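The structure appears below as structure tokens.
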Amino acid sequence: MSSYGGKRWFDVLVSSCLLLFLLPFLMCVWIAVKATSRGPGLYWSRRVGLGGGLFMMPKFRTMQVEAPSMPREAFDATCGYLTPIGQFLRKLSIDELPQLWSVVVGDMSLVGPRPLLGNDPTTKIRRTLFPECFSVRPGITGLAQVNGRNSVKPKAKARYDAFYAVHCHAGMDFHILLRTAGAVLDLRRIL
25 MSSYGGKRWF
35 DVLVSSCLLL
45 FLLPFLMCVW
55 IAVKATSRGP
65 GLYWSRRVGL
75 GGGLFMMPKF
85 RTMQVEAPSM
95 PREAFDATCG
105 YLTPIGQFLR
115 KLSIDELPQL
125 WSVVVGDMSL
135 VGPRPLLGND
145 PTTKIRRTLF
155 PECFSVRPGI
165 TGLAQVNGRN
175 SVKPKAKARY
185 DAFYAVHCHA
195 GMDFHILLRT
205 AGAVLDLRRI
215 L
């Protein structure tokens with residue numbers, strides 16, 4: 025594991041500040057989810073985390089309650105399972121913001137391999153070929169996400185995650201966070 029000193033403190037400080045600052049916005053999103061579809065505002069998903077253990081990860085619910093549990097990439101905008109505001113929340117990655125809580129409680133980090141469902145193809149590849157991926161906390165964003173997000177094939181995604189797990193340092197995290205912010209704020213992909 026190549027986690028650097030101070031990473032956990034940085035994660036807790038930044039995530040706590042973001043949660044406090046974004047709280048009014050997060051409440052508005054929760055209300056909008058509840059007002060536009062039946063069911064809870066948050067969705068709790070069982071994910072594979074540090075050491076291969078499982079944890080419950082929160083997200084704003086973007087799909088109908090009756091939607092099957094599948095990796096995000098398996099659904100498209102026309103599948104009929106998205107809520108009225110689900111596509112918008114996903115496009116801006118707003119659905120991911122509740123994961124800041126998972127960072128505060130220690131299940132996740134701001135940067136690291138994405139926490140995946142147990143049946144995700146990338147999880148299976150990580151387990152067999154790249155077990156070092158489980159030596160660091162999973163992240164809200166990661167090296168694979170800033171290098172193609174959902175367009176990256178599972179094996180390449182696992183390679184990025186393994187590289188991060190072995191070589192992570194403060195400069196790499198800062199670079200990934202900047203690239204993530206740039207991608208989220210890129211209005212061309214939103215319009």
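Quick note: to get this note's numbering, add 24 to the position in the sequence shown (first position is 1).
Glycine included, each C-beta is placed from N, C-alpha and C at the ideal position.
Only a predicted model underlies this, so the values are computations on that prediction, with no experimental measurement involved.
By the Cβ-count criterion, Arg62 is exposed, with fewer than 16 other Cβ atoms from all chains shown falling within 10 Å of its own Cβ.
Phe187 sits in a helix when the DSSP states are folded into three classes.
As DSSP reads the structure, Leu78 sits in a beta bridge with Val72. With respect to Val72, Pro139 sits close: the two C-beta atoms are nearer than 8 Å. Contiguous alpha helix (DSSP H) elements confined to the segment 130-192 occur at 145-153, 167-170 and 178-191, taking only those with 4 or more residues. Per DSSP, the beta-bridge partners of Phe84 are Leu66.
Taking C-beta atoms as the reference points, Ser133 and Pro82 fail to come closer than 8 Å. DSSP, reduced to helix, strand and coil, places Leu106 within a strand of the structure shown. When the alpha-carbon of Glu156 is set against those of Ala182, Leu78, Gly104 and Leu43, the nearest one is in Ala182. Per DSSP, reduced to three states, the secondary structure at Asp197 is helical. Tyr105 is positioned such that its CB atom lies no closer than 8 Å to that of Met80. Scanning its chain for C-beta atoms nearer than 6 Å, with the 5 sequence neighbours on each side dropped, one finds around Asp197 the residues Val135, in chain order. When DSSP states are grouped into helix, strand and coil, Glu90 belongs to the coil group.
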